[in-house]
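Written out below as structure tokens is the structure these notes cover.
As structure tokens, this is what we get:
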């Protein structure tokens, strides 16, 4: 046995359906525009690198350099040496301003020498330390590409 029912659809609901179709078309257009914007953003995001990134070996070397200067006493030592004439200072001139013992200052200076930031020149009983030209500039150049 089959049963069929027919109902009348009011005109207002037909107008609402027409509006819904128009709204759906507008949404579809906005989605398409958004997809275009997303594609443009993805293309900009995925653009090839403008310069070569540092390799693993260089990253290790630069990390040692950063570790060497990532200590307040060592930063002050670099600053003190740079403040002297010809960017060279005797160890005897570096101990008192830091307020650290001579062995501690010598240790920090050794770390800076090993990292390639300072050079050491022994003159008699005294050691003189000099900034390596461009050592810190090289760090900024390679990491930041400045």
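Residue numbers (our numbering): 15 to 160.
For each residue, glycine too, the CB sits at the ideal point set by N, CA and C.
All values reported here derive from a predicted model rather than from experimental measurement.
Residue 150 versus residue 64 - alpha carbon distance:
Residue 150 and residue 64: Cα-Cα distance of roughly 23 Å.
Buried or exposed: which applies to residue 96, given that a residue is buried once 16 or more other Cβ atoms fall within 10 Å of its Cβ?
The residue in question, residue 96, is exposed, as its Cβ has fewer than 16 Cβ neighbours within 10 Å.
Evaluate the contact criterion for the stretch 100-109 versus the stretch 132-146: three or more CB pairs, one atom per stretch, below 8 Å.
The stretch 100-109, when compared against the stretch 132-146, does touch it at the 8 Å Cβ threshold.
Touching or not, the stretch 115-134 and the stretch 74-94, by the rule of three or more beta carbon pairs under 8 Å?
The answer is yes - the stretch 74-94 touches the stretch 115-134, with three or more Cβ pairs under 8 Å.
With H, G and I counted as helix, E and B as strand and the rest as coil, what does DSSP make of residue 36?
Bear in mind that a pLDDT of 48 at residue 36, under 50, signals an unreliable position, so the model cannot answer this.
Does the beta-carbon distance from residue 74 to residue 156 come in below 8 Å?
Against a cut-off of 8 Å, the Cβ pair of residue 156 and residue 74 comes out as no contact.
Measuring straight from C-alpha to C-alpha, what distance separates residue 130 and residue 80?
Going from the Cα of residue 130 to the Cα of residue 80 covers about 11 Å.
Grouping DSSP H, G and I as helix and E and B as strand, with all else coil, what is residue 141?
Strand at residue 141.
Between which two residues does the alpha helix (DSSP H) carrying residue 103 extend?
Careful: residue 103 lies outside any alpha helix (DSSP H), inside the beta strand (DSSP E) at 102-104.
How would you call residue 82, buried or exposed, if buried means at least 16 neighbouring beta carbons within 10 angstroms?
Per the 10 Å Cβ criterion, buried.
CA-to-CA distance, residue 77 to residue 101, given in whole angstroms
Near 24 Å, if we compare the C-alpha coordinates of residue 77 and residue 101.
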